[in-house]
Amino acid sequence: MRTLISLLVANALALSGSVYAAENDAQKMADLKQQLEDITSELDDLNDRVDGNERHTALDRLLITGDFRTKAHTLHYQNVTWNPAIKVDFNDFGAKAMSGVFGSPTDANSPLGKMMAADPNLAAAFQSGQLQGVMPYALAQKTTQDIDNDIYYTTRLRLNLKAKVWDNVSFSGRLSMFKNWGDSTGVNVFDSWNSFTMDGTSSGSPGGDFLRVERAYFDWKNINGSPLYLSIGRRPSTYGPPTQYRENEKRGGTPSGHLVNFNFDGVTMGYHLGDITGVEGQVVRFCYGQGFESQWGNGELFGDIVTKDTHLGGFNIDAINDGKNFLQFTLFGAMDVNDGFKGTMAFPTQLASIFAPTMYQDMQKFDNFNFVTRVQPSGVIGDIFLGGIGFSREEDNDVKWFVSGGWTRTDGNGNAGMFGGMSSDAVFEAKLNSDGTEIIMMPSAADDSGAKDGYSVYAGIQVPAPYGKVGFEYNYGSKYWTPFTQAQDDPIGSKLATRGHVAEAYYMFDINPNMFIKLAGIYYDYEYTGSGTPVGAPQKVDDVIAGSSYSMLPVVDTAYDVNASLTIKF
1 MRTLISLLVA
11 NALALSGSVY
21 AAENDAQKMA
31 DLKQQLEDIT
41 SELDDLNDRV
51 DGNERHTALD
61 RLLITGDFRT
71 KAHTLHYQNV
81 TWNPAIKVDF
91 NDFGAKAMSG
101 VFGSPTDANS
111 PLGKMMAADP
121 NLAAAFQSGQ
131 LQGVMPYALA
141 QKTTQDIDND
151 IYYTTRLRLN
161 LKAKVWDNVS
171 FSGRLSMFKN
181 WGDSTGVNVF
191 DSWNSFTMDG
201 TSSGSPGGDF
211 LRVERAYFDW
221 KNINGSPLYL
231 SIGRRPSTYG
241 PPTQYRENEK
251 RGGTPSGHLV
261 NFNFDGVTMG
271 YHLGDITGVE
281 GQVVRFCYGQ
291 GFESQWGNGE
301 LFGDIVTKDT
311 HLGGFNIDAI
321 NDGKNFLQFT
331 LFGAMDVNDG
341 FKGTMAFPTQ
351 LASIFAPTMY
361 QDMQKFDNFN
371 FVTRVQPSGV
381 IGDIFLGGIG
391 FSREEDNDVK
401 WFVSGGWTRT
411 DGNGNAGMFG
421 GMSSDAVFEA
431 KLNSDGTEII
441 MMPSAADDSG
451 AKDGYSVYAG
461 IQVPAPYGKV
471 GFEYNYGSKY
481 WTPFTQAQDD
491 PIGSKLATRG
501 HVAEAYYMFD
511 INPNMFIKLA
521 GIYYDYEYTG
531 SGTPVGAPQK
541 VDDVIAGSSY
551 SMLPVVDTAY
561 DVNASLTIKF
């Protein structure tokens, strides 16, 4: 391009010379010089623009956008109760003890003698015949307290990547950093299921000052000229409808955010039914993915793998999507769900004192240390099914509202790990350790293997207000409500996974089209334990506080989160 411009300038100079020789007129020469300067200026401007387009074509094949959010919370928890116990089959224990499997109770050096000496109350109850059948065995004294985290800051950075591969093929991705201020350890002490970061929740759990691949997939549209499309990769399965309203962004994910806010890797095959039915935006999708890899990386070469791969699949149908009305149906299933996921956690000292007494003796010398361990599940506990219907509408006056209903079913197979089976508790049996010197309690089976149905309702409205908009949301989850929304980045816990009531109010101030401030408050009233996990039988929170029911992990009665955030989109 520069060569062409040089030739044009040279020709203009030659022309000016010939005119000068023929006319030899000073005024005409001055006019020609001015015209030449104008032509040169225009050519320079054209050169800059053409070079810019060439650079864009050659270099800018990847479009990068994103958003940055900084957020301040004040978190408050009421009646946080820890009352741990396990259910023990004392008939089995008594039969083994009477047959001498555990040694003589009068021998202080026998496993049974050591156990009785360590727990006089257990010894007295056993000797008086009070321990029969399956009964709770308390592991620690009940404690109840209120906890206040007056200020808690987070920063979230998300980079969106887009590239056009071909006319009907494109790539999309999103890299996310989500961290607490002053913390990049990436590991939390395991005091609740919300603190356990795994593959499906890494984008919504504060980790460290590093980018994670939240999404990475390609779309192959209009395959062979048809309405069929195919997409493979790490799926856009977070921040789906109608949760985009509280995020102040467009629809972020494909499945209903009421049921699924969880990263997974898989395949989506979709068909634009609107091309046939004439209904705008009508799409049916079949989704398949894998939520857990049981063998590779789990020491499979030792040959003692007891877990299975967890496979996910289902249908997601946008029945109406015309820009004002949105109607969606979801049906989803997870097969061969294990009693946990691969992950890394800091083991709590409180559980060490119960389950690892030998290690606990050393841990007391370093009371501000927690050992970090890689965790993997101990077995398959059953299947989970989800279904839902959601409707939202955006009115001409900018009022937006939605209603959504969800259903879940947990179908246990009778297996259980330390924290329980599918919506059921584990029954423990007494066994000798490998060298026969100590009695240990090991989970043998779930106390209930029946199917459990849960339900939830979710509704909200957003209305225009001075300088922005105001929103109100409410959701309720029943005793056995078990969605896949654990990646929601609410610090107290995914509000849509709550077994109980949640109310939220917010005010968004629009500073400019790409910047806004959000003031919000969320109030949780938990009715049952185990929100956000299928492992363990839900217990009434009031009963745990009263001491008549037990929970291996601390239980929250009510909690609230008052927060303010500033978000910039670029």
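Numbering of the sequence shown is given in the numbering used here, commencing with residue 1 and proceeding in unit increments. Glycine residues also receive a C-beta, built at the ideal position from the N, C-alpha and C atoms.
Can you give me the C-alpha to C-alpha distance between residue i and residue j, rounded to a whole angstrom?
i: Gly388; j: Gly299; result: 38 Å
i: His73; j: Lys495; result: 15 Å
i: Pro105; j: Gly133; result: 20 Å
i: Asn263; j: Trp407; result: 20 Å
i: Gly500; j: Gly454; result: 12 Å
i: Gly390; j: Ser256; result: 8 Å
i: Asp373; j: Leu301; result: The residue you asked about is not Asp; residue 373 is Thr in the sequence shown. Roughly 20 Å separates the two Cα atoms.
i: Leu312; j: Trp296; result: 18 Å
i: Trp401; j: Gly477; result: 20 Å
i: Val463; j: Asp396; result: 11 Å
i: Asn248; j: Trp220; result: 29 Å
i: Asn261; j: Arg174; result: 15 Å
i: Pro242; j: His76; result: 27 Å
i: Glu578; j: Ala163; result: There is simply no residue 578 to check, as the chain begins at 1 and stops at 570 in what is shown.
i: Met269; j: Pro236; result: 14 Å
i: Gly100; j: Asp543; result: 38 Å
i: Ala416; j: Gly103; result: 28 Å
i: Leu553; j: Ala546; result: 16 Å
i: Asp92; j: Thr310; result: 33 Å
i: Ala21; j: Asp45; result: With a pLDDT of 47 at Ala21, under the threshold of 50, the modelled position of this residue cannot be trusted, and the question is left open.
i: Ser392; j: Phe315; result: 19 Å
i: Ser404; j: Tyr458; result: 5 Å
i: Phe218; j: Gln244; result: 23 Å
i: Gly303; j: Ser294; result: 12 Å
i: Gln130; j: Gln364; result: 34 Å
i: Asn563; j: Gln145; result: 23 Å
i: Asp448; j: Thr410; result: 12 Å
i: Cys287; j: Gly66; result: 26 Å
i: Gln35; j: Arg246; result: 59 Å
i: Asp362; j: Thr81; result: 27 Å
i: Glu214; j: Ser172; result: 11 Å
Measure the beta-carbon distance from residue i to residue j and round it to whole angstroms, keeping in mind my assumption that it falls under 8 Å.
i: Lys569; j: Asn514; result: 4 Å
i: Ala465; j: Gly414; result: About 53 Å separates the two Cβ atoms, so there is no contact after all.
i: Asp510; j: Gly468; result: 5 Å
i: Ile320; j: Phe326; result: 6 Å
i: Ala346; j: Asn370; result: 4 Å
i: Ile439; j: Leu112; result: 7 Å
i: Ser551; j: Gln539; result: 6 Å
Short check: CB of residue i to CB of residue j, under 9 Å?
i: Val555; j: Asn149; result: no
i: Thr70; j: Thr154; result: yes
i: Ile522; j: Ala497; result: no
i: Ala560; j: Tyr524; result: According to the sequence provided, residue 560 is Tyr. The question's Ala does not apply to it. Their beta carbons are under 9 Å apart, which means Tyr560 touches Tyr524 by this criterion.
i: Pro227; j: Asp167; result: no
i: Gly471; j: Met422; result: no
i: Leu159; j: Ile39; result: no
i: Leu161; j: Leu211; result: no
i: Tyr271; j: Val283; result: yes
i: Val399; j: Asn79; result: no
i: Phe341; j: Gln376; result: yes
i: Val337; j: Val380; result: yes
i: Gly623; j: Gly252; result: No answer is possible for residue 623: the residues shown for the chain start at 1 and end at 570.
i: Lys87; j: Asp339; result: no
i: Gly450; j: Ser192; result: no
i: Leu139; j: Ala97; result: no
i: Asn489; j: Phe178; result: Note on residue identity: the sequence assigns Asp, not Asn, to residue 489. Closer than 9 Å, so yes.
i: Met198; j: Gly94; result: no
i: Ile384; j: Phe292; result: no
i: Gln486; j: Asn121; result: no
Nearer than 8 Å: is that true of the beta carbon of residue i relative to any heavy atom of the ligand MN?
i: Thr268; result: Only the bare structure without any ligand can be found here, which leaves the ligand MN out of the picture.
Requested in this report: Let me know the beta strand (DSSP E) ranges lying completely inside the segment 166 to 190, each 3 residues or longer, listed in chain order.
Outcome: Entirely contained in the segment 166 to 190, the beta strand (DSSP E) runs reaching 3 residues are, in chain order, 169 to 180.
Query - Complete beta strand (DSSP E) runs within the segment 302 to 388 (minimum length 3 residues, chain order) - result: Taken in chain order, the unbroken stretches of beta strand (DSSP E) that lie wholly in the segment 302 to 388 and span 3 residues or more are 310 to 321, 325 to 338, 343 to 346, 372 to 375.
Query - Touching by the beta-carbon criterion (3+ pairs, under 8 Å), the segment 202 to 212 and the segment 181 to 192 - result: Verdict: yes, contact present.
**Report entry** Those runs of the beta strand (DSSP E) which lie wholly inside the segment 478 to 544 and span at least 3 residues
**Finding:** If we require 3 residues or more, the beta strand (DSSP E) runs fully inside the segment 478 to 544 come out as 500 to 512, 515 to 526.
Query raised in the report: Taking only runs of the alpha helix (DSSP H) that begin and end inside the segment 104 to 140, which ones reach a length of at least 4 residues, in chain order?
Result: Segments of the alpha helix (DSSP H) lying fully in the segment 104 to 140: 111 to 118, 120 to 127.
Query raised in the report: Enumerated in chain order, which unbroken segments of the beta strand (DSSP E) with a length of 3 residues or greater are wholly contained in the segment 67 to 98?
Result: Whole beta strand (DSSP E) segments, 3+ residues: 85 to 89.
Requested in this report: List in chain order: all unbroken beta strand (DSSP E) runs of 3+ residues lying wholly within the segment 185 to 258.
Outcome: Listed in chain order, the beta strand (DSSP E) elements of length 3 or more contained wholly in the segment 185 to 258 are 212 to 220, 228 to 234.
**Report entry** Ordered list of alpha helix (DSSP H) runs contained in the segment 400 to 475, each at least 4 residues
**Finding:** Listed in chain order, the alpha helix (DSSP H) runs fully inside the segment 400 to 475 amount to none, counting runs of at least 4 residues.
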